[in-house]
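With the sequence shown counted from 1, adding 1 to any position gets you our numbering. Think of the CB as a built atom: it goes at the ideal place given N, C-alpha and C, for glycine as much as any other residue. The model shown is predicted, which means the values in this text are computed figures rather than measured ones. For reference, the structure discussed in these notes is given below.
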Amino acid sequence: MTDTIFALSSGRPPAAIAVIRISGPHSFAIHSLFTKDATPSQPRAAHVRALLDPDSGEVLDRALILCLPGPDTVTGEDLVEWHCHGGSAVVRAVLAALAKQENAFPLREAEAGEFTRRSFENGRIDLNEAEGLADLLSAETESQRRAAIMMADGHFSRRLEDWRGRLLACSAQVESLLDFSDEDDVPDEGLESGVRKNLADLMLDMAAQLSAPSAERLRDGIHLVLAGPPNAGKSTLLNALAGREAAIVSDIAGTTRDRIEVPVSLGGVAFVLTDTAGLAETTDDRIEQIGIDRAKQAIDSADIVLWLGAPDDSPREDAICVSAQMDRVDWVESEGTTICISARTGKNMAVLVEMILNKVKHLIPTEGSYALHKRQRDAVTNIVQLLRDAQLETDLLIVAEQLRLSRDAMDRLIGRSGVEDMLDSLFSRFCIGK
2 MTDTIFALSS GRPPAAIAVI RISGPHSFAI HSLFTKDATP SQPRAAHVRA LLDPDSGEVL
62 DRALILCLPG PDTVTGEDLV EWHCHGGSAV VRAVLAALAK QENAFPLREA EAGEFTRRSF
122 ENGRIDLNEA EGLADLLSAE TESQRRAAIM MADGHFSRRL EDWRGRLLAC SAQVESLLDF
182 SDEDDVPDEG LESGVRKNLA DLMLDMAAQL SAPSAERLRD GIHLVLAGPP NAGKSTLLNA
242 LAGREAAIVS DIAGTTRDRI EVPVSLGGVA FVLTDTAGLA ETTDDRIEQI GIDRAKQAID
302 SADIVLWLGA PDDSPREDAI CVSAQMDRVD WVESEGTTIC ISARTGKNMA VLVEMILNKV
362 KHLIPTEGSY ALHKRQRDAV TNIVQLLRDA QLETDLLIVA EQLRLSRDAM DRLIGRSGVE
422 DMLDSLFSRF CIGK
């Protein structure tokens, strides 16, 4: 028999309200035990009730309560919510009283993510929506939040169902060719060419999704490298972009001798800023040379480079050439400079940030779209390869088998089969009570 589970589902007390959630076959019986109601309160209506300790009869709190019969609940089970006062002592008392009923009912405290896992297992959400919800809970930037909410709301799931329906239609057409290939009323050549065209269209649709930015790019951040000769103002600019003193600033050339990485959010997008050693033309200092070598490696692997040197010396054609010290009395603008700023006074900093954000638009999901994780991208890539093999195959029996394998891979992507080994890892990302 399925255990009934309970947990605090709102934030850690103290708070204005604490939501305690109970889910499972004995939810209503446990609720009646605490409220002394012979029958559960009117379903899907809010009522105020005193919560009583079943053992002592003591009033624990007066709570707003909701009784929600399954399967039309977030978990797909009978669900009770007690909206209590959010004091620490109140929450402790109610949870302790619930825990004491573990001998009377198959009742226990929920594990991390268990409410969401039951929602998945009972068909209320699919695997991709669960992954989107996990991303939403861990989102730190606006772009991460937007992409996560699109995934959690089922936008990718609906696209998958469209792909799956088209794949099933192709499979049915191939099966009809195999079953009735000798019948005069089945136009073999026309039907077969139609199947191959439909497969080609499906592959193009899936390939377009693979060309979109990945969720890992959103999570890990855009790699932005500040590079240039010594004393060009790189560390001052890094501190200005980070909004704090992350790097040491001095007039001494070569102050920064190694890479300094700082995660920041600019315009709601996650970035990793990298301050690098000044690129001196020559040096006899072995340590400084190591720093220069690492700076060059960072430049090569960067998504964006801010070059704080002479534009003609820029190591990459796509670099943004920045003159970062226009507040200095000896400042002279170099020909070919993209933008002139003062990191010290803040002049033109907003313009620089906007320029950076415009440059990364193709690296992050557009507003109103979602981003695929590695698991999802790998699965879609595998399906595209299977469909490509099917399209190139001339033996219809092998085509039918390739399409069957594609359907199996699609079901794993949706979470209908073959995902048991990853569920524990996924739901452990959730907090207790979610």
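Residue i: first and last residue of the uninterrupted alpha helix (DSSP H) it sits in
i: VAL49; result: From DSSP, VAL49 is part of no alpha helix (DSSP H) but of the beta strand (DSSP E) over 48 to 53.
i: ALA90; result: 89 to 100
i: VAL385; result: 375 to 393
i: ILE415; result: 397 to 415
i: ILE150; result: 143 to 153
i: SER426; result: 421 to 428
i: LEU219; result: 216 to 221
i: VAL354; result: 350 to 360
i: SER370; result: It is not in any alpha helix (DSSP H) - SER370 carries neither H nor E in the DSSP assignment.
i: SER236; result: 235 to 243
CA-to-CA distance, residue j to residue i, given in whole angstroms
i: SER167; j: PRO70; result: Note that residue 167 is Arg in the sequence shown, not Ser. ARG167 and PRO70: Cα-Cα distance of roughly 36 Å.
i: PRO231; j: ILE305; result: 20 Å
i: ASP127; j: ASN199; result: 26 Å
i: GLY1; j: ASP206; result: There is simply no residue 1 to check, as the chain begins at 2 and stops at 435 in what is shown.
i: ALA233; j: GLN326; result: 8 Å
i: SER324; j: ALA311; result: 9 Å
i: SER194; j: ILE415; result: 29 Å
i: HIS48; j: SER158; result: 36 Å
i: SER251; j: ALA344; result: Low confidence applies here, because SER251 scores a pLDDT of 48, under 50, leaving its location unreliable; read the following figure in that light. Cα-Cα distance, rounded: 14 Å.
i: LEU52; j: ASP409; result: 49 Å
i: ASP38; j: VAL60; result: 14 Å
i: THR225; j: PHE272; result: The sequence given here has Leu at residue 225, not Thr. So the alpha carbons of these two residues sit roughly 7 Å apart.
i: GLY58; j: THR36; result: 10 Å
i: HIS156; j: GLU130; result: 9 Å
i: ARG417; j: LEU179; result: 28 Å
i: VAL330; j: LYS348; result: Legend: pLDDT at VAL330 = 45, less than 50; position of this residue unreliable, value from coordinates given subsequently. Those two C-alpha atoms are separated by around 15 Å.
i: GLU217; j: PHE29; result: 42 Å
i: GLN145; j: LYS362; result: 14 Å
i: ALA149; j: LEU353; result: 28 Å
i: ALA170; j: ASP412; result: 15 Å
i: PHE428; j: GLU132; result: 9 Å
i: VAL447; j: ASP79; result: Residue 447 lies beyond the stretch modelled for the chain, which goes from 2 to 435, so this question has no answer here.
i: PRO15; j: ARG317; result: 53 Å
i: ALA201; j: SER33; result: 59 Å
i: ALA391; j: LEU267; result: 45 Å
Bridge-paired residues (DSSP) for residue i
i: TRP308; result: ALA228, CYS322
i: LEU161; result: DSSP, once it has assigned bridges, lists no residue as partnering LEU161.
i: ALA170; result: DSSP lists no partner for ALA170.
i: THR275; result: VAL226, GLU262
i: ALA113; result: ILE433
i: LEU65; result: VAL49, HIS84
Run of the beta strand (DSSP E) containing residue i, from where it starts to where it stops
i: HIS84; result: 80 to 86
i: GLU130; result: Taken as a continuous stretch (DSSP letters only), GLU130 belongs to no beta strand (DSSP E), being part of the alpha helix (DSSP H) at 128 to 139.
i: PHE7; result: 5 to 9
i: SER315; result: Counting along the chain, SER315 falls outside any beta strand (DSSP E), and DSSP gives it neither H nor E.
i: SER24; result: 18 to 24
Does the count of Cβ pairs from the segment 293 to 302 and the segment 268 to 283 closer than 8 Å reach three?
-> yes
On the three-pair Cβ rule with 8 Å, is the segment 210 to 229 touching the segment 399 to 413?
-> no
The segment 215 to 235 contacting the segment 305 to 320, beta-carbon criterion three pairs below 8 Å = yes
Is there contact here, the segment 96 to 111 with the segment 3 to 17, by at least three beta-carbon pairs under 8 Å?
-> yes
The segment 12 to 32 touching the segment 85 to 96, judged by at least three CB pairs closer than 8 Å = yes
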